[in-house]
Amino acid sequence: MTDNFRTGNSPNFQEGGLRGFFSKNSALAFIVAGSAWFIVGTLYGLFSAIHLMAPEFFNNIPALVFGRVRPSHVNTVLYGFVVTTLIGLGMYYTPALLKTKLWSEPLGWVSLFLWNITVLSGPVFFSMGMSQGREYTEYLWPFDVTFMIAIVTIIINLVMTIIHRKEYVLYVSIWYFVASFIWIGGSYFIGNVMWRPSTGALPGILDSIFLWFYAHALPGLLLTPLAIGAAYFIIPRVTKTPLFSHTLSIVGFWTLVTFYSHIGGHHLLQAPIPHWLKTMSVVDSMMMFIPVIIVIVNLWMTMRGRGNLIMADPAAKWVAMGLIWYLIVGAQGSIQSIPQIQKVTHFNNWTVAHAHIAVLGFSGFIALGGVWHVIPLITRRKLYSQRLANLQFGLVMIGLTGFFLVLTIAGLIQGEAWYNGETVYRVLPQLQPYMILRTIFGLFIISGALVGFYNLIRSIRKPKEYPYISASHAVIIETQKNPEI
Ligand code: HEM
Ligand code: HEM
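Residues in the sequence shown are numbered from 45 upward in steps of one, following this note's numbering.
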């Protein structure tokens, strides 16, 4: 390690402002891109919500028909907002925990470029009606390729960083972060049927099995480990306490991959897939509560007696709340995997409510907490505004809680009606008030995205005397100040 590196005098660390941002630190660039996609993705959510509230509103403008804006929304919030932000956090904390630099910043920018090209292809091509037409695997084949190359470059960068590390211990956050790319790389290739570029699909029911194998790996083996890795990084740091149990975190890691990798069949309980596949999916969906509860217990025990530190920290409260959503999501997920329960909850807004508290409430909250945790470390200054960070928390929290309640009630109305043989057209008018409320609560979430982006940009637009520093450099400075950390 050179002296320049230690003292921050390397030209790499010298520039502040937006120019400084663009000249280095691909981790930070991932985070900024994630926050921008948060705005774009939720705007598409608004368009979708308007359709379901007032179907004639857009008067059949081709680019804005429901079938085009819905996938633009879902893919952009999932891959664009949540995953992009969580990748940025991991690209920050992995070298930081390993007390070294990211192996290759240029390769980090290549990953960033390919990843964002893939995300951008969604709204661009879906709005022209060009998509592979399978939920969560809509990207066109060339962008499946950019997706896969982005994943491979990230894996190479991480593995090389690990090889060159200066810290022997591989903390559990690193396990989760690296594993998520290995898992998703394999399942994306299979679930997207990439060996058949013309359709990206298989004939018949087999296609649904492949699709849902992937579509549940996406939340389970990408969003979940990315979010858990970030939470395991943030909570011990904010509470200034070692993790409650290393053993629990390892057991949680292996039970997650054991139970989560093959339960996509719980999306197909009403479809003619083999009975053994349904049984296995249901049983292991129930077992999924084990890794969920392990993470919750481990992190809550780490936080025990330190609630004041959590509540005072603009980042940690997001993570703590994300864990509460995770508990609800996990409990709900296991219950709604039971075939008898699904007779009421499947094919309606109940699942949409689950999806929002899962993707935004659990992984999105932890991603946002992570942003506010690492930005001061990278910029070496306080956030531009803690108040705005808290305002964002309030807005998103109100929006999501309202969203969840409204959609759950709407789902139960639909489920009960259809269970009793009621026709669809008689149920739709009853749903209208809930669709209006969903749009209103959605506006809270969008406002939160805008406030957050403003706060982020103001926080990184620093005068030159506050240089950006790399992840490893931030940790070195901190370790010098406090050898305990
Ligand atoms: C970052 C925040 C958000 C995330 C992560 C998110 C995620 C999702 C996901 C995963 C789905 C697919 C659900 C399913 O098929 O079961 C979905 C659908 C949807 N979302 Fe969002 N969403 C977010 C914000 C919003 C906002 C702000 C609105 C409204 C203003 C919205 C409105 C919708 C609508 C209308 C659908 C389609 C539901 C349907 O087909 O019945 N979302 N969203
Ligand atoms: C931890 C245990 C979990 C279990 C057992 C579980 C179970 C389920 C089940 C059974 C469904 C299908 C419901 C139906 O179609 O009737 C579902 C849907 C969904 N879940 Fe989960 N879930 C869990 C956690 C999560 C997490 C952590 C996420 C995201 C971070 C997530 C995201 C989703 C999404 C997006 C859908 C909607 C899929 C669609 O478009 O239909 N789930 N979940």
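Note that the Cβ used here is the ideal one computed from N, Cα and C, for glycine as well.
Leaving aside the five residues that flank Ala461 on each side, the residues in its chain whose CB is nearer than 7 Å to its CB run, in chain order, Val471. Here Gln476 is not near Asn393, since their CB atoms are 8 Å or more apart. Taking the C-beta atoms as reference points, Tyr304 is found no nearer than 8 Å to Val336. The three-state secondary structure of Val363, taken from DSSP, is helix. Per DSSP, the continuous alpha helix (DSSP H) segment holding Ala493 begins and ends at Val468 to Ile504.
Distance from the CA of Leu487 to the CA of Tyr123, rounded to the nearest whole angstrom, comes to 21 Å. Closest option to Ala98, judged by alpha-carbon separation, among His306, Ile228, Tyr478 and Ala77: Tyr478. For Ala261, the enclosing alpha helix (DSSP H) has its first and last residue at Ile249 to Ala261.
The C-beta separation of Ser155 from Ala194 comes to about 5 Å, placing the pair in contact by the 8 Å criterion. These are the residues, in chain order, with a beta carbon less than 6 Å from any non-hydrogen atom of ligand 2: Glu179, Pro263, Leu267, Thr268, His310, His311, Ser329, Met332, Val336, Val373, Gly374, Gly377, Ser378, Gln380, Ser381, Gln386, Thr389, His390, Thr395, His398, Ala399, Ala402, Val403, Phe406 and Ser407.
Taken in chain order, the complete alpha helix (DSSP H) segments of 4 residues or longer contained in the segment 304-361 are 319-331, 333-347 and 351-356. Using a Cβ distance threshold of 8 Å, Ser217 and Tyr136 do not count as a contacting pair. In the displayed model, Thr283 falls within a helix according to three-state DSSP.
Spanning the alpha carbons of Leu133 and Lys145 requires a straight line of approximately 14 Å.
By the criterion of at least three beta-carbon pairs nearer than 8 Å, the segment 357-370 is in contact with the segment 406-422. Between ligand 1 and the CB of Gly85, the shortest heavy atom gap is smaller than 7 Å.
Assignment of Pro99 by DSSP, reduced to helix, strand and coil, places it in the coil class. The segment 396-405 and the segment 246-259 do not touch, with fewer than three beta-carbon pairs separated by less than 8 Å. For Gly78, the closest alpha carbon among the candidates Lys322, Leu130 and Ser92 is that of Leu130. Every alpha helix (DSSP H) stretch that sits fully inside the segment 116-166 and reaches 4 residues is listed by chain position as 128-142. In this structure Gly414 is buried. Its beta-carbon is surrounded by 16 or more other beta-carbon atoms within 10 angstroms.
When rounded, the separation of the alpha-carbon atoms in Pro167 and Ala315 is 30 Å. For the beta strand (DSSP E) assignment, the segment 373-444 encloses no uninterrupted run of at least 3 residues. Nearest neighbour of Ser325 by Cα position, chosen from Asn342, Thr285, Tyr428 and Ser381, turns out to be Ser381. From the listed residues Glu211, Lys387, Trp185 and Phe447, the smallest Cα separation to Ile234 is found for Trp185. Contact between the segment 491-499 and the segment 436-446 is established, with three or more Cβ pairs separated by less than 8 Å. In the DSSP assignment, Ala223 falls within the unbroken alpha helix (DSSP H) covering Val216 to Gly235.
Taking 8 Å as the cut-off, the Cβ atoms of Met204 and Trp147 count as close. As the crow flies, the alpha-carbon of Ile228 is around 18 Å from that of Ala245.
The closest heavy atom of ligand 1 lies less than 7 Å from the beta carbon of Ser92. Boundaries of the alpha helix (DSSP H) harbouring Leu202: Trp185 to Ile207, taken from the DSSP string. For His117, the Cβ falls inside the 7 Å cut-off from some heavy atom of ligand 1. At a threshold of 7 Å, Phe101 does not count as near ligand 1, since its beta carbon sits no closer than that to any of the ligand's heavy atoms. Note that the segment 114-121 touches the segment 84-95; at least 3 beta-carbon pairs, one per stretch, sit closer than 8 Å. Under the three-pair Cβ rule at 8 Å, the segment 296-312 does not count as touching the segment 426-440.
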